[in-house]
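Asker: Read in order, the letters of the sequence shown are residues -3 to -1, 1 to 225 in mature numbering (1 follows the signal peptide of the UniProt record, and there is no 0).
Ideal Cβ placement from N, Cα and C applies to all residues, glycine included.
A single structure is presented below for examination.
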Amino acid sequence: LLAGCGKSDDVLVVGTNATFPPFEYVGGVSGDEIKGFDIDLAKQIAKDAGKTLKVENMNFDSLIVALNAGKIDFIASGMTITPERQASVDFSAPYYEATQLVLVNKDNTSINSTDDLKDKHIAVQLGSTGDIMAKTYSQNVTAFNTGFEAVMELKNNKVDLVLFDSEPAISFLNKNPQLKMVKLDFDAEFYGLAVPKGKTELLNSINTTLKSMKSNGEYDALVTKYMK
Ligand code: ARG
């Protein structure tokens, strides 16, 4: 191990943005443990590769940069597979299907179709697919480092709506009874784990783990554990 290098051969470093329940969030008894669906997937990937998992928590829009700078080995962060991202990273097989959801305050009845998003003030997470999509509907988009902050802005009536991935949106909704969700006609998105381009060996072992977890019931057990 090189001094100052910080990475050794028996450690696999996963990058995430732990503000995205139930995929990755900070919690546990100590209150500073990073947990979630993606973290359990990442643990199994490391285990199958005979390595110890180390989790690096960072801003969502820093993940691809960190990956390509060699600071992390792979990304597990509810990241949607998009052609733009595929230009700079390689994705695993899709492991989860999601869609965008609209969150509004309960008294808001003004949003019933995607046409109603036109020129609304939309809060999103910086660099997310919600961010990119919101900008196709409105010029008035404010991006925050976390979905929590976007939701806070909505609760304070500073924005009309939040556009966010379905599962975390539902999880925010469960904690904020003054909000409701509106399901609009958005395309399906597929989450993938990302590795640097050309890291075929790691990508193959990730895909092998995903495949065996799907066939041996561990994947379904995770869905039950985190999505109920
Ligand atoms: N699925 C969306 C995307 O890829 C949002 C992911 C946000 N993930 C997170 N851990 N904050 O852009």
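In the DSSP assignment, find the unbroken alpha helix (DSSP H) run with G127 in it and report its ends.
Answerer: Residue mapping note: residue 127 aligns to position 130 of the sequence shown, counting from 1. From DSSP, the alpha helix (DSSP H) with G127 extends over 126 to 134.
Asker: Suppose you measure from the CA of R82 to the CA of L98; what does that come to, to the nearest Å?
Answerer: Here residue 82 corresponds to residue number 85 of the sequence shown, with the count starting at 1. Here residue 98 corresponds to residue number 101 of the sequence shown, with the count starting at 1. So the alpha carbons of these two residues sit roughly 22 Å apart.
Asker: Could you tell me the alpha carbon to alpha carbon distance between N54 and A15, rounded to whole angstroms?
Answerer: Within the sequence shown, the letter at position 57 stands for residue 54. Within the sequence shown, the letter at position 18 stands for residue 15. One C-alpha to the other measures close to 6 Å.
Asker: Under 7 Å: does the beta carbon of D87 sit that close to some heavy atom of the ligand ARG?
Answerer: Mapped onto the sequence shown, residue 87 falls at position 90. For the ligand ARG, not one heavy atom lies less than 7 Å from the Cβ of D87.
Asker: Could you check where the alpha helix (DSSP H) with Y216 kicks off and where it finishes?
Answerer: One-based indexing of the sequence shown puts residue 216 at position 219. Counting along the chain, the alpha helix (DSSP H) containing Y216 begins and ends at 215 to 224.
Asker: So, using beta-carbon positions, are N65 and S89 closer together than 8 Å?
Answerer: On the sequence shown, residue 65 is found 68 positions in, with the first residue counted as 1. On the sequence shown, residue 89 is found 92 positions in, with the first residue counted as 1. No, these two residues do not count as a Cβ contact at 8 Å.
Asker: Tell me whether S212 is buried or exposed, calling it buried when 16 or more other Cβ atoms sit within 10 Å of its Cβ.
Answerer: Stepping through the sequence shown from its first residue, residue 212 is reached at position 215. That one is exposed.
Asker: Could you pull the DSSP bridge partners for M178 from this structure?
Answerer: Position 181 of the sequence shown, counted from the start, is the residue given in the question as residue 178. M178 pairs with L100.
Asker: Skipping 5 residues on each side, what residues in its chain have a beta carbon closer than 6 Å to that of G127?
Answerer: Sequence index remark: in the sequence shown, residue 127 carries index 130 (1-based). Contacts found: Q97, V121, L160, F161.
Asker: Do the stretch 140 to 156 and the stretch 103 to 111 make contact, defined as three or more Cβ pairs closer than 8 Å?
Answerer: At 8 Å Cβ cutoff, the stretches do not touch.
Asker: Tell me the rounded alpha-carbon separation between C2 and L9.
Answerer: Translated into the one-based positions of the sequence shown, residue 2 becomes position 5. Translated into the one-based positions of the sequence shown, residue 9 becomes position 12. Caution is warranted here: a pLDDT of 49 is assigned to C2, below 50, making its placement in the model unreliable, and the coordinate value is therefore given only provisionally. Taking the straight line joining both Cα atoms gives about 14 Å.
Asker: Taking Cβ to Cβ, would you say P91 is nearer than 8 Å to G189?
Answerer: By one-based count along the sequence shown, residue 91 stands at place 94. By one-based count along the sequence shown, residue 189 stands at place 192. Result yes, Cβ atoms of P91 and G189 sit closer than 8 Å.
Asker: Here's the rule I'm using: 16 or more other beta-carbon atoms within 10 Å means buried, otherwise exposed. How should G33 be labelled?
Answerer: For the purposes of this step, residue 33 is taken as the residue at position 36 of the sequence shown. The residue is buried, with at least 16 neighbouring Cβ atoms inside 10 Å.
Asker: Where does M224 land, buried or exposed, given buried means 16+ other C-beta within 10 angstroms?
Answerer: Position 227 of the sequence shown, counted from the start, is the residue given in the question as residue 224. Label assigned to M224: exposed.
Asker: Beta carbon of D58: closer than 7 Å to some heavy atom of the ligand ARG?
Answerer: Along the sequence shown, one-based indexing puts residue 58 at 61. Answer for D58: no, Cβ out of range of the ligand ARG.
Asker: For the candidate residues L170, V156, V26, whose alpha-carbon lies nearest to that of M178?
Answerer: Locating residue 178 in the sequence shown gives position 181, where the first residue counts as 1. Among L170, V156, V26, the Cα nearest to that of M178 belongs to L170.
Asker: For L(-2) and A43, what's the separation of their Cα atoms in angstroms?
Answerer: One-based indexing of the sequence shown puts residue -2 at position 2. One-based indexing of the sequence shown puts residue 43 at position 46. Legend: pLDDT at L(-2) = 48, less than 50; position of this residue unreliable, value from coordinates given subsequently. One C-alpha to the other measures close to 21 Å.
Asker: Can you tell me the Cα-Cα spacing of G214 and K208, whole angstroms?
Answerer: What you label residue 214 is simply residue 217 of the sequence shown in a count that begins at 1. What you label residue 208 is simply residue 211 of the sequence shown in a count that begins at 1. Whole-angstrom Cα-Cα distance: 10 Å.
Asker: Buried or exposed: which applies to D87, given that a residue is buried once 16 or more other Cβ atoms fall within 10 Å of its Cβ?
Answerer: For the purposes of this step, residue 87 is taken as the residue at position 90 of the sequence shown. Per the 10 Å Cβ criterion, buried.
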